[in-house]
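Report on the structure given below.
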Amino acid sequence: MSTTVQPDTNPAFAGYAHPEVLVTTQWVADHLDDPNVRILESDEDLLLYELGHIPGAMKLDWETQMQQPVKRDFVDKAGFEKLASERGITNDTTVVFYGDKNNWYATYGFWLFKYYGHDDVRVMDGGRAKWEAEGRPFTREVPKVEPTEYTAKDPDGSIRAFREDVLKHLEQENPALVDVRSPQEYTGELLHAIGYPQEGAQRAGHVKGAVNVPWGTAANEDGTFKAVDELRRLYGEKGITPDKPVIAYCRIGERSSHTWFVLKYLLGYEDVRNYDGSWTEWGSLVGVPNAVGNEPG
Amino acid sequence: MLDRQEYIEIILDHYEHPRHKHRMEDASVQLGGGNPGCGDLITVYLKISDDGKIEQASFEGEGCTISQAGGSIITELIEGMTLDEVKALGKETMIEEIGEDAVKSRVRCATLALGTAQAAVDSYIKTKRSSDEGIDAGPVVERFEN
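Note that the protein sequences, when read in sequence, are chains B and Z.
In terms of the numbering used here, the first sequence opens at residue 13 and continues consecutively.
In terms of the numbering used here, the second sequence opens at residue -10 and continues consecutively.
Shown next, in the form of structure tokens:
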């Protein structure tokens, strides 16, 4: 944690394992001019930032800025350093993410920053919708920042799973593997979320042994995270418990970054990894164990 | 060709100041469409003249910037077109209107209004043909992408 930017001590966060990673809309409003804070907006809707954003916030687009354009991967270490530098972020900056749809892509950005070892990253609880519902200001002015010197750490492999890791994970007796896609994708009825192109994998269904806890069930209607007791029950009753190593996946690793955030930071699970290859990769692999229907298989 | 920022300005202008966004009580055909999973919904209304042209087009809806801007752009574009001309439009039309970036990134959102308008035309043709032949084709009021 940054030594200069105090955490949000809102009592609503007290029950979470790591309350320091959440801030309220009011905390953000109070830190709009804090030079040690950089607010980043990451949305699913491609043009929400352009429509208006929190004053001082900068855009981090998941598709064009967090990913490499040719190789299927996140930006590499040098690419991440450039991304941070261009946004005026130093290694000591407190980075606060917010976005649309329950902070779906905000947690994706959070995951990427943690992957490259950024110390102080936080998420604005409730995201863009809560800020808007409270009548807080938006602007179209894009801040001009001086590029910084930023040195990323080596990628943190402990929060990311590759397909080999999933295969090894499945060798355990009761592997905790959580598929966070919609029930229709999990059962094999659809290859992608409702309303999106049905493409990306050769087979429909889920990784054999995975249980289904759709990512959005961790959020309240106003986009804030559910209380710790509700979250504990939600995952616990499906066998996703803190005593086991857990791997989360979805279609391309974005929805599962939200679940990863909930399990690791709100519930305090020690060993949680995001399999970003996810169903787009797994559903096209030859010879791996799959299942269809409502049961893990 | 416009640059990315110019296309963005067009999309945002149509999103914030939508043209033809109203219900049409005397429409020849109306059709609802949508991507329920991501919350994009559109209803297209068409008034079609006896000689088979789109006399008036309008829409109602809610959802993301691109899907709703698409409603405004498409209803503006198709007024005056023949039904065949509307049916001949495609993804390329949306690329011309809002740019390749937006269409490639969000193809379903970008083509929602167009697809719904074309389905409305199909529905109108089917109903008219049935009516001409004295058959009750029944109403078609929804087109959802699942």
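In this text, a Cβ means the ideal position worked out from N, Cα and C, and glycines have one as well.
Please read these numbers as outputs of a predicted model, since none were measured by experiment.
Under the Cβ criterion of 8 Å, B:D57 is counted among the residues facing chain Z. Pairwise C-beta distances place the stretch -5 to 7 of chain Z in contact with the stretch 54 to 61 of chain Z, as three or more of them are shorter than 8 Å. Under the three-state reduction of DSSP, Z:H3 is assigned to helix.
Only those residues of the stretch 97 to 125 of chain B whose C-beta falls short of 7 Å from the nearest C-beta of chain Z would be listed, and there are none. Annotated three-state conformation of B:Q196 is helix, per DSSP.
Segment contact: the stretch 144 to 152 of chain B against the stretch 111 to 131 of chain B, fewer than three CB-CB distances shorter than 8 Å; contact not assigned.
Check the Cα spacing between B:D57 and each of Z:D39, Z:D40 and Z:E51: the tightest is with Z:E51. For Z:T32, the uninterrupted beta strand (DSSP E) run begins and ends at D29 to I37, by DSSP. Scanning B:L34, B:R50, B:E62 and B:E32 for the CA closest to the CA of Z:E(-5) turns up B:E62. In this structure, the CA atom of Z:I67 is about 14 Å from the CA atom of Z:T100. If you look at Z:S94, you'll find it in the alpha helix (DSSP H) that goes E89 to S94.
In the same chain as B:P187, and ignoring 5 residues on each side of it, the C-beta atoms closer than 7 Å to its own belong to H181 and G221, in chain order.
For B:S54, no beta strand (DSSP E) run applies, since DSSP gives it neither H nor E. Judged by beta-carbon spacing, B:F92 lies within the 8 Å limit of B:A164, meaning their Cβ atoms are closer than that value.
Counting of Cβ neighbours within 10 angstroms places Z:S120 among the exposed residues, the total staying below 16. Rounded to whole angstroms, the separation of the alpha carbons of Z:E65 and Z:Q19 is 16 Å. If you compare the alpha carbons of Z:D29, Z:T105, Z:T71 and Z:A106 with that of Z:I43, the shortest gap goes to Z:T71. B:T16 is not a Cβ neighbour of B:G100, given a cutoff of 8 Å.
For Z:G59, the enclosing alpha helix (DSSP H) has its first and last residue at T54 to I67. The Cβ neighbour count for B:Q80, taken over all protein chains shown within 10 Å, is under 16; the residue is labelled exposed. Scanning its chain for C-beta atoms nearer than 6 Å, with the 5 sequence neighbours on each side dropped, one finds around Z:S38 the residues E44, in chain order.
Scanning the stretch 273 to 299 of chain B from its first residue to its last, the whole alpha helix (DSSP H) runs of 4-plus residues come out as 290 to 294.
Close CB contacts of B:G200 within its chain, under the 6 Å cut and outside five residues either way in sequence, are with A216, G217 and V304 (chain order). For a cut-off of 8 Å, the C-beta gap from Z:S94 to B:E53 is around 16 Å, too long to register as a contact.
Excluding residues up to 5 positions away in sequence, G100 lie with their Cβ nearer than 6 Å to the Cβ of B:V157 in the same chain. In the three-state reduction of the DSSP assignment, B:Q18 falls in the coil class, being assigned neither a helical nor a strand state.
The residue among B:Q18, B:T236, B:L60 and B:D55 with its C-alpha nearest the C-alpha of B:D42 is B:Q18.
When 9 Å is used as the limit between beta carbons, Z:I55 is near these residues of chain B: D57, L58 and L59, in chain order. In the three-state reduction of the DSSP assignment, B:A118 falls in the helix class. If you draw a straight line from the Cα of Z:L(-9) to the Cα of B:K250, it comes to about 51 Å.
Within the stretch 66 to 124 of chain B, the runs of beta strand (DSSP E) at least 3 residues long that lie entirely inside it are, in chain order, 106 to 110.
Taking 8 Å as the cut-off, the Cβ atoms of B:L275 and B:V258 count as close. Residue nearest to B:H130 within the set B:E176, B:G139, B:V33 and B:V190 is B:V33 (criterion: CA-CA distance). Just so you know, the alpha carbons of B:T119 and Z:K36 end up roughly 46 Å apart.
Less than 8 Å divides the Cβ of B:T271 from the Cβ of B:A230.
A distance below 8 Å separates the beta carbons of B:F122 and B:V133.
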